[in-house]
Ligand code: GDP
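Numbering (the working numbering), first residue to last: 214 to 380.
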């Protein structure tokens, strides 16, 4: 089976759950241990669309930061889409994720299909970002409540991205 391959950059602030999301996507595992990503980590997995069609997703887990410096700029070159990750218990991380998308689009001089994953949905008691307040329409991207810990919403986020990549 021949499959298309897409480069997806995972962007968001420190500790929002980017590495955990990639681990959930690729290995279906989760760890409580926090290991900061240094630079970039690349992993891939396939996602089947139908019995005879699948796509390969190459996930670039780019070390957390609020801005894309020169090094991070190099990592996003050639990106097909962005998986933006924010932490539902830390509201400012939403603006950071959206800001990173803006920067990436300016650098690449084109719009990139993007999904905002509002992570840590399992921590309901600490949830501080009412979903209704971040307007999908305003930001022109799907917003998905998810948890890398339980796996809830993660596949949905990937599928939304693929839908945008293969309309
Ligand atoms: P990154 O810096 O954005 O790559 O964040 P990590 O993936 O390393 O996660 C940061 C911390 O948040 C780690 O201690 C994870 O175990 C924890 N974490 C990540 N995703 C979730 C989640 O969905 N729920 C909960 N409760 N913790 C999470």
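A virtual CB, placed ideally from N, CA and C, is assigned to each residue, including glycine.
Asked                                                                                                                             : Found
Segments assigned alpha helix (DSSP H), at least 4 residues, entirely inside the segment 284-368                                  : 305-321, 349-352
Spatial distance of residue 266 from residue 379 (CA atoms)                                                                       : 12 Å
Candidates 238, 253, 233, 256: closest to residue 247 by CA position                                                              : 233
Cβ-heavy atom distance, residue 263 to ligand 3, below 6 Å                                                                        : By its list of ligands, the structure shown excludes ligand 3, since it contains just ligand 1.
Check: residue 362 C-beta below 6 Å from any heavy atom of ligand 1                                                               : yes
Near ligand 1: residue 245 beta-carbon under 6 Å from a heavy atom                                                                : yes
Cβ-based neighbour list, residue 336, same chain, cut-off 6 Å, excluding 5 preceding and 5 following                              : 302
Contact test: residue 227 Cβ vs ligand 1 heavy atom, cutoff 6 Å                                                                   : yes
Residue 196 to residue 257 span [Cα, whole Å]                                                                                     : Residue 196 cannot be examined here, being either before or after the span of the chain that is shown, 214 to 380.
Exposure label - residue 306; buried when at least 16 CB within 10 Å                                                              : buried
Chain-order list of residues whose beta-carbon lies under 7 Å from that of residue 354 (same chain, five-residue window excluded) : 327, 328, 329
Residue span of the alpha helix (DSSP H) that contains residue 233, given as start and end                                        : 231-240
Residue 378 - DSSP class collapsed to helix/strand/coil                                                                           : helix
Nearest-angstrom Cα separation, counted from residue 295 out to residue 347                                                       : 18 Å
Distance cut-off 6 Å: residue 230 Cβ against heavy atoms of ligand 1                                                              : yes
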